[in-house]
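All remarks here apply to the structure that follows.
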Amino acid sequence: MDARLLEILACPLCKGTLLYRREAEVLVCRMDRLAYPVRDGVPVMLEEEARQLSADDPLLGH
């Protein structure tokens, strides 16, 4: 994923910062505890495509 793209992407719900988790191919919003999929290098920034994360999910860690 392009670093410049990551700098401008934001969570569509809260407009917060997203963390790219390369190994899981997701962009994580820690505020909303959502994981947006990245398919073939393209982030899918739709709420209905996002996966809800539990409070103790390792993807939420630093």
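Note that the working numbering gives residue 34 to position 34 of the sequence shown, counting from 1, and the numbers run on in steps of one.
Backbone N, C-alpha and C fix where the C-beta goes; we use that ideal spot for every residue, glycine too.
Just so we're clear, the structure is a prediction, and the values are computed from it rather than from any experiment.
Alpha carbon of R22 to alpha carbon of D40, nearest angstrom: For the purposes of this step, residue 22 is identified with residue 22 of the sequence shown, where counting begins at 1. For the purposes of this step, residue 40 is identified with residue 40 of the sequence shown, where counting begins at 1. Taking the straight line from one Cα to the other gives about 12 Å.
What are the boundary residues of the beta strand (DSSP E) that includes R21? On the sequence shown, residue 21 is found 21 positions in, with the first residue counted as 1. Run containing R21: L18 to R21, per the beta strand (DSSP E) assignment.
Same chain only: Cβ atoms within 8 Å of R47, ignoring 5 sequence neighbours per side: Locating residue 47 in the sequence shown gives position 47, where the first residue counts as 1. Reading off the sequence, residue 47 comes out as Glu, not Arg. Excluding sequence neighbours, E47 sits near P12, L13 and L34.
Could you tell me the boundaries of the alpha helix (DSSP H) in which R4 lies? Your numbering for residue 4 matches position 4 in the sequence shown. Per DSSP, R4 belongs to the alpha helix (DSSP H) from A3 to I8.
Taking just the CA atoms, how far does V28 sit from A55? Here residue 55 refers to the residue found at position 55 of the sequence shown. Here residue 28 refers to the residue found at position 28 of the sequence shown. Between A55 and V28, the C-alpha separation is close to 13 Å.
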